[in-house]
Structures are given as structure tokens and as C-alpha cells.
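Going by our numbering, the sequence shown opens with residue 1140, and the numbers climb by one from there.
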Amino acid sequence: NPFGGGGAGANPFGGGGMPGGPDAMKKAQEMMSNPKVMEIMMKAQSNPKIMKAVQECMGNPMAFAKYKDDPDVGELIRELQKYM
1140 NPFGGGGAGA
1150 NPFGGGGMPG
1160 GPDAMKKAQE
1170 MMSNPKVMEI
1180 MMKAQSNPKI
1190 MKAVQECMGN
1200 PMAFAKYKDD
1210 PDVGELIREL
1220 QKYM
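See the structure below:
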């Protein structure tokens, strides 16, 4: 990924490659310090489909609507949404 956060100054768009810039990155870091969010992320990592959906929703909160009725992803996404 040419826009990934590969160190200081590596990403001209800021925020380590995360849409929303530094504020979104700060929010993601706050979320990851929550034990419940960490538990959700551990579950997500065991399923590539869920992980893709979680990453999309963390970068774009509007994506939650896309997954809310998905039988594989919906419950986990709704749980994660409580912490955003």
C-alpha cells in the first residue's frame, strides 16, 4: 500500500493511511484500548469476511448500514458500533 503509515512523513495524507486523518486514528486507538473492543477484534481476526467488514466500518462508519443484516457479520458489527 503506497499510502500506508510507514513511519514519520511516509504518508502525505496523514493519519497512517486511515480515512479521516489523525482524528480517526486517535478514535481507533481509543477503541482498541477498550477490552470489549479487543475481544470483538479477536473474533473478527478468525474470519476474513468479518475482518474486512470491521476494517471498512472503522474507516467509514456509514458502512455499518451495509453489514447490519449480514448473518455472518451483523452481530459483531452491531456490537462494535456501540463503541464508536
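Where is the CB? At the ideal position from N, CA and C, for every residue including glycine.
Opening and closing residue of the alpha helix (DSSP H) in which residue i lies
i: Pro1200; result: Taken as a continuous stretch (DSSP letters only), Pro1200 belongs to no alpha helix (DSSP H), as it is neither H nor E.
i: Val1212; result: That residue, Val1212, is in no alpha helix (DSSP H); it is neither H nor E in DSSP.
DSSP three-state assignment for residue i, whether helix, strand or coil
i: Pro1207; result: One point to set straight first is that residue 1207 is Lys, not Pro, in the sequence displayed. In the structure shown, Lys1207 sits in coil (DSSP, three-state: anything other than H, G, I, E or B).
i: Met1223; result: coil
i: Phe1152; result: For Phe1152, the predicted model reports a pLDDT of 45, less than 50, meaning its position is unreliable and no value from the coordinates is stated.
Residue burial classification, residue i (beta-carbon count within 10 angstroms, cutoff 16)
i: Met1197; result: buried
i: Ala1204; result: exposed
i: Met1157; result: Legend: pLDDT at Met1157 = 48, less than 50; position of this residue unreliable, no value from coordinates given.
i: Ala1149; result: For Ala1149, the predicted model reports a pLDDT of 47, less than 50, meaning its position is unreliable; a value from the coordinates is still stated below. The residue is exposed, with fewer than 16 neighbouring Cβ atoms inside 10 Å.
Closer than 8 Å: residue i CB and nearest the ligand SAM heavy atom
i: Leu1215; result: No copy of the ligand SAM appears in this structure; indeed no ligand is present at all.
Query raised in the report: Does the stretch 1171-1183 come within contact of the stretch 1210-1221, defined as at least 3 CB pairs closer than 8 Å?
Result: yes
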